[in-house]
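In this note's numbering, the protein residues as written are 20 to 310.
Glycine is no exception: its CB is placed at the ideal position from the N, C-alpha and C atoms.
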Amino acid sequence: MGPEVVFPDKNLEAVVREALGKPQGPLTREDIERLEVLDATRREIEDLTGLNRCVNLTALGLGENRISDVTPLASLTNLTTLTLWNNQVSDISPLTSLTNLKTLRIWYNHLRDISPLATLTNLTRLYLDDNHISDITPLATLTNLTGLNLDGNHISDISPLASLTKLTTLYLDDNQISDISSLATLTNLTGIDLDDNRISDVTPLAPLANLTWLELRNNQSGDITPLASLTSLSYLDLWNNQVSDISPLTSLPNLHWIRIGNNPLSKDSVNVHISTLKSRGVFVVLSVGFA
């Protein structure tokens, strides 16, 4: 029997015991090293001490707890999936050693500095929504990303995203973005959420021919001519912009749903183009709701 491993946080200890099927007795190093997957979601955990000994973990779920210090995670270099959403984490420097991570969910925390993520070049999916992030420069090295969520931050400069050419889904809702020129290189995107920003020029979206859904609600876009090239587009939300002429949309062969209300639509758009879309079976929403 190896030395006993102690978990000061009794809620964490309870989860570990459940996973091991060992309700009582000392937890040894041999016990702990058997763990490969651990789900400790919503268990009111505050202290991760002891997890540092769980070196064979490949998937760890710690969502919706009371965690602020992630230092014990630094030794878990076999992790490929880590979930930390809805905690109180502000310092993620201990995660720099987790270079095998492919999925990291760390939304709804207190992150400002994400520079430690620059080393995690195997990441394919990254969820950073609802933090306090303004500088996304460290993300430029994460060229294997296929999915990225940055909703609800304080981002205005998205130029570091230009190198992330494997992205297929991108969420940038509720930021301070006006210049989207960096998106023109992301031609593998199939969906992008740009709601609640300050975007007036949508020209950079024209090359994104693989887009099937596009969210542009609550922006300042007027001329939507560049969207005419998005021939794969099925879903489009333009609620609350400055659009008057929707004729560029009438040629989109795969469009099935569009929300166009709260725009200064021209008479032709109202009387002719909306009718054209409806006659083709497009569901046109003029209200704020989805019906």
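Cβ pair residue 72, residue 86 closer than 8 Å | No, these two residues do not count as a Cβ contact at 8 Å.
Report yes if the C-beta distance between residue 78 and residue 54 is below 8 Å; otherwise report no.
-> Going by C-beta atoms, residue 78 is not nearer than 8 Å to residue 54.
Rounded to the nearest angstrom, how far is the Cβ of residue 239 from that of residue 207, given a contact under 8 Å?
-> The C-beta distance from residue 239 to residue 207 rounds to 27 Å, too long to fall under 8 Å, and the pair is not in contact.
Opposing strand residues paired with residue 256 [DSSP bridges] = According to DSSP, residue 256 bridges with 234 and 278.
Where are the beta strand (DSSP E) runs, 3 residues long or more, that stay fully inside the stretch 143–211, in chain order?
-> Segments of the beta strand (DSSP E) lying fully in the stretch 143–211: 144–146, 166–168 and 188–190.
Exposed or buried, what is residue 289 when buried is set at 16 or more other beta-carbons lying within 10 Å of its beta-carbon?
-> Exposed is the call here.
Span separating the alpha-carbon of residue 112 from that of residue 155 = In this structure, the CA atom of residue 112 is about 15 Å from the CA atom of residue 155.
Nearest residue (CA-CA) to residue 121, options 142, 222 and 293 | Of the residues 142, 222 and 293, the one whose Cα lies closest to the Cα of residue 121 is 142.
Report all residues from its chain with a CB closer than 7 Å to the CB of residue 245; omit the five preceding and five following residues, and keep chain order.
-> Correct list, in chain order: 221, 222, 224 and 225.
Take residue 192 and list the residues in its own chain whose beta-carbon comes closer than 6 Å to its own, dropping the five residues that flank it on each side.
-> If we look at residue 192 and ignore the five residues flanking it on each side, its Cβ neighbours are 170, 212, 214 and 215.
C-beta atoms of residue 256 and residue 190 nearer than 8 Å | Against a cut-off of 8 Å, the Cβ pair of residue 190 and residue 256 comes out as no contact.
For residue 23, does the three-state DSSP call read helix, strand or coil?
-> It is a strand residue.
DSSP state of residue 304 mapped onto helix, strand, coil = DSSP places residue 304 in the strand class (E or B) of the three-state scheme.
Keeping to the same chain, check which residues put their C-beta closer than 6 Å to that of residue 144; ignore five residues upstream and five downstream.
-> Once the five neighbours on either side are set aside, the close Cβ partners of residue 144 are 122 and 166.
Under the three-state reduction of DSSP, which class applies to residue 262: helix, strand or coil?
-> Residue 262: coil per DSSP, three-state reduction.
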